[in-house]
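S.K.: One structure coming up, written as structure tokens, with questions to follow.
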Amino acid sequence: MRNLYVFGNEFLEEDRKARELSSMLEGFNVVHCRSPDELLECEEDEILILDVVSGIKKPMIITDIEQIKTTKMLSLHDFDLGFFLKLMKEMGMDKKIKILGIPPSGDLKKIKEEIKVMT
Amino acid sequence: MSKTITLNHITKIEGHASLSLGIKNDKVTKCELSATEGSRYFEGIVKGRRYYEAHEMTSRICGVCSCAHVVAAISAVENAFGYKPSKQTKQLRELMTLGERIRSHATHLYFLALPDYVGYGSALAMAKKYRKELQNALNLMKCGNGIIKLLGARELHPVSATVGGWLKIPKEKEIENVKKTLISVREDALKTFSLFSSLNYPEFETESVMFSLVDKNKYSVLDGTFSSGNMKTTKKKYREHIKEYQVPHSNANFVTYDNYQYQVGAMARINNNKKQLHNKAKKLLNKSKIKFPSKNPYTNNFAQAVELVHCIEEAIKLCDSLNLKEEKLDKLKVKAGTGIGCIEVPRGTLWHEYTLDKKGIITNANIITPTAQNLFSVQEDIKELVPSIIKKKKKDIIMDIEKLIRSYDPCFSCSAHFLEVKWV
């Protein structure tokens, strides 16, 4: 079964959508991540991530991490997923990244169906 | 000739800070370092809450040092009740605290401080050229994270540490794995030491008093008396010496020790406790071209690298000495009183003080973070530094000032960006 790395803060309504959705998805071994550096453990060639993407209304697949908007790392608090993925790339870590991005709001059942079609 | 430098946002520090500097005839006429972070009212938030909630709530002061606030708050509450935790509980608290220091130092050194010294604006920009170095950082961070995750049950805002004991005792096998990871990053710590001992730190000396916990038998983490220069005193008397005061230009309190500026953190700790460092760290330090005691605040980053070596060795020692057994939480005798928790955390000495009523409700709280204690020192250092660099180019002056501020590894608890530099 393929690993699905799920990000998001369960205490924040908009951010926890990915966690909620992951419990509805079938066919994945769900790994809840609290810190992006957990991705260093991944052994697969392509890392599949589920996360909330702000500013989108429908689920989307991101494979080009340059699409992710990141601020410079100016403090330890900026050590987020986007920064980390770009760092992995800059450091030449040879992993493909596939992000299943879902909108911060919307009906989860509908999002689940859309994700199903996309994957 | 007069000029004003306004650094509206200082980058690569934790949180919002700005600097307003006035210069006339090469003399500093105004130097105001402002923590512009909004007031967060944690001391007010915990008022009216129960004693066992303090650590859970104050942990949220900062994700980077959440373990520190947890342990300091628990220590203060237990101190108010006159309770002494078991040896095992203290060992677990210490190990978790060391894990956090490994993670914090590694991140700060490589991702925030190193770009200054190798001429890059950010860690991302230098990632291609300094791949191996950043890999060292990631290994060390992962190791620190692993310790915290095992002991605290998660990497941030740990939940296993609590008043009266430890909620989930790790298994021996798990500690064995942590030890293996620590052994595996020894080399990374040594490389970090070599790298940071090879950097060219600007020549500068501060008049700050060096302040930290001290213990003649060990490099203090959770216990000890406290020391500043030749004076040693106890935690109980801290209010006689440490004064917090407000300044109009900053949302954070400034703090003095006997009315002097003082410095906390890795450099102060090593200045005060060099003999108590682990032998391996001590030997490296003795061979280094950077000598301690040091008065140069820029060498705080080097001191953090020394502490990485020390913390890894101490954590391995702790893993070896743990003889884990299940322990029920002690039931504390709730009574009215005041307790002080004072521990050494990544950025320096952290104080938590709580007054509790007879039902264990918090009626008063006082928290003094390392950054608050360093603020006055940083500001005074900038005043001292500027005349010596005033002939440099503007961008170099700003870089030297920013580098100085970052060397203290300040944490204003949120990110910031250099939006504008205004010269008049």
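So the sequences go chain by chain: A and B. The numbers in our numbering rise by one with no breaks, and the one at position 84 of the first sequence is 1171. The numbers in our numbering rise by one with no breaks, and the one at position 296 of the second sequence is 640. Backbone N, C-alpha and C define an ideal beta-carbon position, used for all residues, glycine too.
How many angstroms separate the CA atom of residue 371 of chain B from the CA atom of residue 612 of chain B?
M.R.: 29 Å
S.K.: For residue 1199 of chain A, which residues in the same chain have their Cβ closer than 8 Å to its Cβ, ignoring the five residues on either side in sequence?
M.R.: 1108, 1111 and 1112
S.K.: Taking Cβ-Cβ distances shorter than 9 Å, what residues in chain A pair up with residue 478 of chain B?
M.R.: At a beta-carbon threshold of 9 Å, the residues of chain A lying near residue 478 of chain B are 1174, 1177 and 1178, ordered along the chain.
S.K.: Listed from N- to C-terminal order along the chain, which residues in the region 1100 to 1133 of chain A have their beta-carbon within a distance smaller than 9 Å of any beta-carbon of chain B?
M.R.: For the region 1100 to 1133 of chain A, the set of positions with a beta-carbon nearer than 9 Å to some beta-carbon of chain B reads 1121, 1122, 1124, 1125, 1127 and 1128 in chain order.
S.K.: By the 9 Å beta-carbon criterion, what residues does the region 496 to 516 of chain B contribute toward chain A?
M.R.: 498, 499 and 500
S.K.: Please state if the CB of residue 709 of chain B and the CB of residue 387 of chain B are separated by a distance shorter than 8 Å.
M.R.: yes
S.K.: Can you pull the chain B residues whose beta carbon is under 8 Å from the beta carbon of residue 1166 of chain A, in chain order?
M.R.: Those within 8 Å of residue 1166 of chain A in chain B are 451 and 455.
S.K.: If you draw a straight line from the C-alpha of residue 565 of chain B to the C-alpha of residue 439 of chain B, how long is it?
M.R.: Rounded to the nearest whole angstrom, the C-alpha separation of residue 565 of chain B and residue 439 of chain B is 10 Å.
S.K.: Any beta carbon from chain A within less than 8 Å of residue 468 of chain B's own beta carbon?
M.R.: yes
S.K.: Near residue 671 of chain B, what residues of its chain come up, given a Cβ to Cβ distance below 8 Å and the 5 sequence neighbours on each side ignored?
M.R.: 430, 432, 433, 509, 510 and 513
S.K.: At 7 Å on the CB atoms, spell out the chain A contacts of residue 471 of chain B, in chain order.
M.R.: The answer, in chain order, is 1174, 1177 and 1178.
S.K.: In chain A, what lies closer than 8 Å to residue 489 of chain B by C-beta?
M.R.: Proximity of chain A to residue 489 of chain B at the Cβ level (cut-off 8 Å) is accounted for by 1122 and 1124, in chain order.
S.K.: Give a yes or no on whether 8 Å exceeds the smallest Cβ distance from residue 486 of chain B to chain A.
M.R.: Output row for residue 486 of chain B: interface = yes.
S.K.: Within the same chain, show all residues whose beta-carbon is closer than 7 Å to that of residue 677 of chain B, passing over the 5 residues directly before and after it, in chain order.
M.R.: 425
S.K.: Listing by chain order, which chain A residues have their CB less than 9 Å from the CB of residue 482 of chain B?
M.R.: 1124, 1127, 1174 and 1178
S.K.: Just the chain A side, please: which residues come within less than 7 Å of residue 750 of chain B by C-beta, in chain order?
M.R.: By Cβ distance, chain A contributes nothing, its closest Cβ being about 10 Å from residue 750 of chain B, past 7 Å.
S.K.: Along the alpha helix (DSSP H) that carries residue 699 of chain B, what are the first and last residues, could you check?
M.R.: Note, residue 699 of chain B: premise wrong, no alpha helix (DSSP H); beta strand (DSSP E) at 692 to 700.
S.K.: Rounded to the nearest angstrom, what separates residue 523 of chain B and residue 663 of chain B at their Cα positions?
M.R.: 6 Å
S.K.: Leaving aside the five residues before and after residue 731 of chain B along the sequence, list all residues of the same chain whose C-beta is less than 7 Å from its C-beta, in chain order.
M.R.: 370, 371 and 372
S.K.: Mind pulling the beta strand (DSSP E) runs of 3 or more residues that sit fully within the region 486 to 543 of chain B?
M.R.: none
S.K.: Straight-line CA distance for residue 391 of chain B to residue 702 of chain B?
M.R.: Each residue's CA atom was taken as its position, placing residue 391 of chain B and residue 702 of chain B some 14 Å apart.
S.K.: Which one of B:411, B:570 and B:755 has the shortest CA to CA distance from residue 325 of chain B?
M.R.: It is not possible to answer for residue 325 of chain B, since the shown part of chain B is limited to 345 through 768.
S.K.: Tell me where the alpha helix (DSSP H) around residue 647 of chain B begins and ends.
M.R.: 644 to 665
S.K.: Could you give the DSSP three-state label for residue 461 of chain B: helix, strand or coil?
M.R.: helix
S.K.: When you compare the CB positions of residue 688 of chain B and residue 556 of chain B, do they come within less than 8 Å of one another, or not?
M.R.: Result yes, Cβ atoms of residue 688 of chain B and residue 556 of chain B sit closer than 8 Å.
S.K.: Does the beta-carbon distance from residue 554 of chain B to residue 640 of chain B come in below 8 Å?
M.R.: no
S.K.: Quick check: is the beta carbon of residue 475 of chain B nearer than 8 Å to any beta carbon in chain A?
M.R.: yes
S.K.: Starting from residue 585 of chain B, trace the alpha helix (DSSP H) both ways and give me its first and last residue.
M.R.: Per DSSP, residue 585 of chain B is one residue of the alpha helix (DSSP H) stretching across 582 to 585.
S.K.: Quick one: what's got a C-beta closer than 6 Å to residue 1193 of chain A's C-beta in the same chain, skipping five residues either side?
M.R.: none
S.K.: Per the DSSP calculation, residue 1133 of chain A is bridged to which residue(s)?
M.R.: A:1183
S.K.: Could you work out which residue in B:739, B:459, B:491 and B:685 is closest to residue 447 of chain B when comparing CA atoms only?
M.R.: B:491
S.K.: Please classify residue 718 of chain B: does DSSP put it in a helix, a strand, or coil?
M.R.: helix
S.K.: Hey, out of B:627, B:661 and B:721, whose CA is closest to residue 376 of chain B's CA?
M.R.: Ranked by how close their Cα comes to the Cα of residue 376 of chain B, the residues B:627, B:661 and B:721 have B:721 in first place.
S.K.: Thinking residue 642 of chain B and residue 727 of chain B are a contact (beta carbons under 8 Å), I'd like their distance in whole angstroms, please.
M.R.: 16 Å between Cβ atoms; not a contact.
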